[in-house]
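J.: Take 1 as the starting number for the sequence shown in full-length UniProt numbering and just add one per residue.
Idealized CB from N, CA, C, for every residue including glycine.
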Amino acid sequence: MSTKQSIHTLPVVQLDDIDRQIINRLKIDGRMSYTDLAKEVGLSRVAVQSRVNTLMENGVIDRFTAIINPERIGINVSAFFNVEVEPKHLDEVATILSDDPLVTSLYHMTGPSKLHMHGLFENNQEMEVFLKEKLYTLPGITSVDCQVLINRYRSTMGIRL
Numbered sequence: 001m002s003t004k005q006s007i008h009t010l011p012v013v014q015l016d017d018i019d020r021q022i023i024n025r026l027k028i029d030g031r032m033s034y035t036d037l038a039k040e041v042g043l044s045r046v047a048v049q050s051r052v053n054t055l056m057e058n059g060v061i062d063r064f065t066a067i068i069n070p071e072r073i074g075i076n077v078s079a080f081f082n083v084e085v086e087p088k089h090l091d092e093v094a095t096i097l098s099d100d101p102l103v104t105s106l107y108h109m110t111g112p113s114k115l116h117m118h119g120l121f122e123n124n125q126e127m128e129v130f131l132k133e134k135l136y137t138l139p140g141i142t143s144v145d146c147q148v149l150i151n152r153y154r155s156t157m158g159i160r161l
């Protein structure tokens with residue numbers, strides 16, 4: 001594993017084939033033991049643990065997390081929003097929405113100060129309350145476009161290596 005400087009402030013980490021194998025297996029099962037991981041990639045447990053620690057220290061692996069099935073806990077509405085915001089209010093609106101527990105992701109996209117947002121709601125009523133009492137009350141919102149998810153064909157966490 002070596003690093004080279006990118007146009008961003010953090011150096012780009014160069015991954016070798018073993019690093020990629022480790023990451024791909026951890027994407028499937030983040031709870032896999034170092035012993036099992038070592039067997040799959042052909043290294044010792046200590047070598048695998050060292051590589052995982054290095055990947056974490058270098059920021060390649062950000063964190064390990066559980067992926068929750070929203071429907072199993074009563075969250076039945078998944079909605080995507082395109083929110084147009086006056087440029088002078090963009091950062092303020094993004095900060096407020098980022099702190100809302102109903103918002104699962106928020107991105108600034110190309111276009112006229114457009115935020116792309118995803119939210120999870122128990123039902124349509126909870127989404128309506130979010131829209132009326134939260135989103136529509138924020139300063140500088142000029143339009144909101146909402147699409148409710150009907151069927152998820154594919155959803156991948158992380159990136160392709």
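Within its chain, find whatever has a CB closer than 6 Å to the CB of S78; leave out the 5 residues flanking it on each side and keep chain order.
T.: Here residue 78 refers to the residue found at position 78 when the sequence shown is read from its first residue. Closer than 6 Å at Cβ, skipping near neighbours: L120 and L149.
J.: Hey, V46 and I22 are a contact pair by Cβ (cut 8 Å); roughly how many whole angstroms apart?
T.: Taking the sequence shown and counting its residues from 1, one reaches residue 46 at position 46. Taking the sequence shown and counting its residues from 1, one reaches residue 22 at position 22. At roughly 14 Å, the Cβ-Cβ gap does not stay under 8 Å, so V46 and I22 are not in contact.
J.: Sorted by chain position, which residues of the same chain lie with C-beta nearer than 6 Å to I61's C-beta, five sequence neighbours on each side aside?
T.: Position 61 of the sequence shown holds residue 61. Cβ neighbours of I61 beyond the five flanking positions: L55.
J.: Counting only the same chain and skipping the five closest in sequence on each side, list residues whose C-beta sits under 6 Å from that of F64.
T.: Counted from its first residue, the sequence shown places residue 64 at position 64. If we look at F64 and ignore the five residues flanking it on each side, its Cβ neighbours are G30.
J.: From D99 to N58, what does the alpha carbon distance come to, in whole angstroms?
T.: As a first step, residue 99 is located in the sequence shown; it is residue number 99 there, counting from the start. As a first step, residue 58 is located in the sequence shown; it is residue number 58 there, counting from the start. Going by the C-alpha atoms only, they are around 27 Å apart.
J.: Within 10 angstroms of its Cβ, does T9 collect 16 or more other Cβ (buried), or is it exposed?
T.: Residue 9 sits at position 9 when you count from the first residue of the sequence shown. The residue is exposed, with fewer than 16 neighbouring Cβ atoms inside 10 Å.
J.: Are the CB atoms of V83 and T102 within a distance shorter than 9 Å?
T.: Looking up residue 102 in the sequence shown gives position 102. Looking up residue 83 in the sequence shown gives position 83. One point to set straight first is that residue 102 is Leu, not Thr, in the sequence displayed. Taking 9 Å as the Cβ cut-off, L102 and V83 do not qualify as a contacting pair.
J.: Span of the alpha helix (DSSP H) holding Y34?
T.: Taking the sequence shown and counting its residues from 1, the one referred to as residue 34 is at position 34. Unbroken alpha helix (DSSP H) run through Y34: Y34 to V41.
J.: According to DSSP, which residues form a beta bridge with Y107?
T.: Translated into the one-based positions of the sequence shown, residue 107 becomes position 107. Its beta-bridge partners are H116.
J.: Measure the C-alpha to C-alpha separation of L161 and R20 and round it to an integer number of angstroms.
T.: Sequence index remark: in the sequence shown, residue 161 carries index 161 (1-based). Sequence index remark: in the sequence shown, residue 20 carries index 20 (1-based). L161 and R20: Cα-Cα distance of roughly 7 Å.
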